[in-house]
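Written below as structure tokens is the structure these notes are about.
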Amino acid sequence: MQAEQLKDLVINALEDVKAQDLSVIDVRERTGITDFMVLASGTSNRHLKALANSVVVDAKEQGVRVDHIEGAGGSDWILVDLGDVVVHVMMPAAREFYDLERFWRDAPAPDFGLAGGE
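Just so we're aligned, residue 867 is where the sequence shown starts under the working numbering, counting upward by one.
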């Protein structure tokens, strides 16, 4: 599955369980670890688990390998790593505190010292 298709699958999975404040950040020009970061807020720890579970179930149904899940044990932040798309579901206070949108949007593009095609 292409990164764009996977991003759309994640958005639909999150919308299915009423994610709040969905945000997508294209980080292809910023990092080689993933193509998209998808962020969403939940209303409770139970809601965060439901959001993450919806993403995992829908991804697996489409044959997408879930690389890693972090924070599912009652945290205010659950990360689901799908390779080309990394999903962050967070309580609003944690999301405001870490402000990943600002971090990734303001991050400088990497300079690998290859100016001029060297």
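All C-beta atoms in this analysis are idealised placements derived from N, C-alpha and C, irrespective of residue type, glycine included.
Only a predicted model underlies this, so the values are computations on that prediction, with no experimental measurement involved.
| request: Buried or exposed for Leu-888, please, with buried defined as at least 16 other CB atoms from any protein chain shown within 10 angstroms of its CB. | output: Counting C-beta atoms within 10 angstroms of its own C-beta, Leu-888 has fewer than 16 neighbours from the protein chains shown and is therefore classed as exposed.
| the region 937-950 touching the region 879-893, judged by at least three CB pairs closer than 8 Å | Contact fails: fewer than three Cβ-Cβ distances are below 8 Å.
| said: Can you list, in chain order, the residues of its chain with a C-beta nearer than 8 Å to that of Asp-901? Leave out the 5 residues immediately preceding and following it. | reply: Excluding positions up to five away in sequence, the list reads Ala-869, Lys-873, Asp-892, Val-893, Arg-894, Asp-950, Val-951.
| message | With a threshold of 6 Å on Cβ separation, who are the neighbours of Ile-944 within its own chain once the five nearest residues in sequence on each side are excluded? | response | Closer than 6 Å at the Cβ level, and outside the excluded window around Ile-944, lie Leu-914, Ala-918, Gly-937, Ala-938, Val-955.
| Gln-868, DSSP secondary structure in three states | DSSP places Gln-868 outside both helix and strand once states are collapsed to three, so it counts as coil.
| field | Val-922 versus Leu-875, Trp-970, Asp-972, residue with shortest Cα-Cα distance | value | For Val-922, the nearest C-alpha among the options comes from Leu-875.
| query | Less than 8 Å separating the beta-carbons of Ser-910 and Pro-958? | reply | Pro-958 is positioned such that its CB atom lies no closer than 8 Å to that of Ser-910.
| said: Pop quiz: Asp-924 and Asp-933 are said to be a contact at Cβ under 8 Å. What is the actual Cβ separation, rounded to whole angstroms? | reply: In this structure Asp-924 does not touch Asp-933 by the C-beta definition: roughly 15 Å separates them, more than the 8 Å allowed.
| field | beta strand (DSSP E) runs contained entirely in the region 916-965, provided each spans 3 or more residues | value | Whole beta strand (DSSP E) segments, 3+ residues: 934-936, 943-947, 951-956.
| request: Thinking Ser-920 and Val-883 are a contact (beta carbons under 8 Å), I'd like their distance in whole angstroms, please. | output: Going by Cβ atoms, the distance from Ser-920 to Val-883 rounds to 5 Å, so yes, they are a contact pair.
| query | Quick one: is Arg-971 buried, meaning 16 or more other Cβ sit within 10 Å of its Cβ, or exposed? | reply | Around the Cβ of Arg-971, a 10 Å sphere holds fewer than 16 other Cβ atoms; the residue is exposed.
| Using the rule of at least 16 other Cβ atoms within 10 Å of the residue's Cβ for burial, across every protein chain shown, is Arg-961 buried or exposed? | Buried is the call here.
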